[in-house]
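J.: Have a look at this one before I ask anything.
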Amino acid sequence: MSNPGAILDRYKEVCKAEGIPAHKYIIKVLGKAQEDDISEPSDEMTLDLAGNNKLLTDTRLEDRDMVTLCQTLANSTYVSSLDLRYNNITDEGAKHLGKLIETSVSLRFLNVMCNDIGPDGAEHIARGLHTNETLTELKVNGNKIGNKGGMMFASALQINTGVEQLDLGDADLGTESVIALATILHYNKFLKVLNVNRPLLFTHQEETTVHMANMLKVNTTLREIHLQKYDMRDFGTERLVETLRDNMALSYLDLSCNRITRDGAKHLSVLLKRNTPLQVLDLGFNRIEDDGAIYLSEALKHFNTNLHTLVLSHNCIRGNGLVAVADSMRTNSTLYSVFIWGNELEESACVAFNDLIESARLDTEQTDVQPYVVDGRVYLSELSHGIRRHYYWTPSYGPDVEKKKDDLLM
53 MSNPGAILDR YKEVCKAEGI PAHKYIIKVL GKAQEDDISE PSDEMTLDLA GNNKLLTDTR
113 LEDRDMVTLC QTLANSTYVS SLDLRYNNIT DEGAKHLGKL IETSVSLRFL NVMCNDIGPD
173 GAEHIARGLH TNETLTELKV NGNKIGNKGG MMFASALQIN TGVEQLDLGD ADLGTESVIA
233 LATILHYNKF LKVLNVNRPL LFTHQEETTV HMANMLKVNT TLREIHLQKY DMRDFGTERL
293 VETLRDNMAL SYLDLSCNRI TRDGAKHLSV LLKRNTPLQV LDLGFNRIED DGAIYLSEAL
353 KHFNTNLHTL VLSHNCIRGN GLVAVADSMR TNSTLYSVFI WGNELEESAC VAFNDLIESA
413 RLDTEQTDVQ PYVVDGRVYL SELSHGIRRH YYWTPSYGPD VEKKKDDLLM
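By the count of this note's numbering, the sequence shown reaches residue 462 at its end, each step adding exactly one.
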């Protein structure tokens with residue numbers, strides 16, 4: 053099957069043989085792909101069956117649709133990307149997806165985020181990874197796979213040598229599975245991006261953060277890690293900094309939605325002074341306040357030449373801290389993207405960022421604020437330019453359709 057038309061015919065045959073009605077959404081998407089292939093032939097296909105695309109469907113895919121779809125794609129060398137997010141796939145449907153992963157010779161991307169897959173379904177998908185050699189990116193975020201599911205994926209990473217991006221965020225991982233993932237990554241030399249946001253932790257001793265820090269001390273391949281909602285405090289931040297000082301691989305560190313204060317920001321400023329390869333630092337929704345912002349600004353102003361994106365939104369920063377950030381951008385020529393909305397936008401901060409934007413030092417596409425003037429006073433309004441604005445949702449039309457392709461990961 054080397055074209056959408058052949059896949060459509062095969063899908064209809066499988067539905068007839070299994071006695072399962074063909075889903076109108078799948079027919080519509082394959083039909084449209086067939087029309088597009090006539091005008092613009094391609095060597096591979098992205099099959100986008102997201103259940104939240106209201107322009108194309110009002111009926112989400114079910115488990116029975118996975119039976120026919122996976123049989124259709126089992127021997128296909130044409131479909132390289134499969135997007136099944138926001139459907140009603142449960143453990144039963146995941147069983148068929150696991151078989152597809154196990155047998156596929158072309159699938160490189162699979163997205164099943166925000167379905168109803170549980171621990172048993174995660175086990176089927178993870179077992180498929182044991183023999184798969186083509187899949188490089190897998191998104192399972194938003195499925196409540198729990199501690200058991202996390203352990204299954206940790207086990208799969210011991211064997212699989214192809215997966216480079218794994219998203220297990222918001223999946224109810226437990227302490228044991230997070231530690232298992234960190235332990236496996238001491239030895240796994242293939243994974244480049246890991247998202248383990250919002251695990252369910254019942255301790256205040258930050259064991260998981262310490263294990264992640266120890267892993268980052270020896271891992272030389274991981275480029276991006278997301279540790280949101282880890283209940284991380286300044287102690288955990290200090291442990292991370294201690295191990296990241298000599299890490300020459302990590303370029304994206306996401307510590308948003310934690311409990312980091314000015315002391316934690318001071319530790320991170322030490323890391324920035326080391327001028328490691330870190331390019332993106334997300335500290336949104338913490339509490340670093342003015343002192344923390346000033347610590348970071350001093351490091352960026354005089355020492356760092358690699359960081360290009362800094363997220364400080366919702367950090368209780370007032371005028372002095374925000375002015376310090378703006379001042380650092382006048383000296384630092386590398387930093388081009390800063391997000392500050394949700395802080396105390398006093399007049400001094402508004403004027404400082406207005407000057408940056410008017411002088412073209414800061415592009416409004418690279419920040420989340422835009423200045424306006426009322427009665428001679430400068431204010432800042434919010435722009436929806438978040439660093440990961442297309443993580444949960446992607447546009448179907450408009451100027452953002454092309455921009456989403458250039459968005460940062462997961």
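The beta carbon of each residue, even a glycine, is placed where N, CA and C say it ideally should be.
Please specify which runs of the alpha helix (DSSP H), each continuous and at least 4 residues long, are wholly inside the segment 293-335, giving them in chain order.
T.: 314-325, all fully within the segment 293-335.
J.: Based on the DSSP secondary-structure assignment, which residues constitute the bridge partners of residue 422?
T.: In DSSP, residue 422 forms a bridge with 433.
J.: Can you check whether the CB of residue 195 is closer than 9 Å to the CB of residue 223?
T.: In this structure, residue 195 lies closer than 9 Å to residue 223 by Cβ.
J.: What residue from 123, 189, 129 has the CA that sits closest to residue 135's CA?
T.: Checked all of 123, 189, 129; the closest Cα to residue 135 is 189.
J.: So, helix, strand or coil for residue 123, using DSSP?
T.: If DSSP states are grouped into helix, strand and coil, residue 123 belongs with the helices.
J.: Once you ignore the five residues that flank residue 371 on each side, which residues in its own chain have a CB closer than 6 Å to its CB?
T.: Answer for residue 371: 398, 400, 401, listed in chain order.
J.: Rounding to the nearest angstrom, what Cα-Cα distance links residue 203 and residue 269 in this structure?
T.: Going by the C-alpha atoms only, they are around 22 Å apart.
J.: Applying the criterion that 16 or more other CB atoms from any shown protein chain within 10 Å of the CB defines a buried residue, is residue 219 buried or exposed?
T.: Looking at its Cβ environment, which holds 16 or more other Cβ atoms inside 10 Å, residue 219 is buried.
J.: Give me the residue from 327, 353, 433, 288 with the minimum Cα distance to residue 298.
T.: The option with the nearest alpha carbon to residue 298 is 327.
J.: Pick helix, strand or coil for residue 241, following the three-state DSSP scheme.
T.: Looking at residue 241 - three-state DSSP - the assignment turns out to be coil, as it is neither helix nor strand.
J.: Could you name each continuous beta strand (DSSP E) segment of 3 residues or more that falls completely within the segment 376-407, going from the start of the chain to the end?
T.: Within the segment 376-407, the complete beta strand (DSSP E) runs of at least 3 residues are 389-391.
J.: To which residues of the same chain is residue 197 closer than 6 Å at the C-beta, ignoring the five residues directly before and after it?
T.: Hits under 6 Å: 171, 174, 223.
J.: Could you please give the first and the last residue of the uninterrupted alpha helix (DSSP H) stretch that includes residue 278?
T.: Note, residue 278: premise wrong, no alpha helix (DSSP H); beta strand (DSSP E) at 276-278.
J.: So, are the CB atoms of residue 125 and residue 156 less than 9 Å apart?
T.: Yes, the Cβ-Cβ distance between residue 125 and residue 156 is below 9 Å.
J.: Going by the CB atoms, is the gap between residue 290 and residue 244 shorter than 9 Å?
T.: No, these two residues do not count as a Cβ contact at 9 Å.
J.: What beta strand (DSSP E) runs, 3 residues minimum, are completely inside the segment 85-168?
T.: List check, beta strand (DSSP E) in window: 97-100, 131-135, 161-163.
J.: Of all the options 148, 258, 142, 84, which has the alpha carbon lying nearest to the alpha carbon of residue 166?
T.: Nearest of 148, 258, 142, 84 to residue 166, Cα basis: 142.
J.: Whose C-alpha, out of 101, 354, 428, is nearest the C-alpha of residue 75?
T.: The residue with the shortest Cα to Cα distance from residue 75 is 101.
J.: Quick one: what's got a C-beta closer than 6 Å to residue 304's C-beta in the same chain, skipping five residues either side?
T.: Closer than 6 Å at the Cβ level, and outside the excluded window around residue 304, lie 276, 332.
J.: Which term fits residue 193, buried or exposed, when burial requires 16 or more other beta carbons within 10 angstroms of its beta carbon?
T.: Buried, by the Cβ-count rule.
J.: Since residue 200 is in the alpha helix (DSSP H), which residue starts that stretch and which ends it?
T.: Counting along the chain, the alpha helix (DSSP H) containing residue 200 begins and ends at 198-211.
J.: Between which two residues does the alpha helix (DSSP H) carrying residue 51 extend?
T.: Residue 51 lies beyond the range of the chain shown here (53 to 462); nothing can be said about it.
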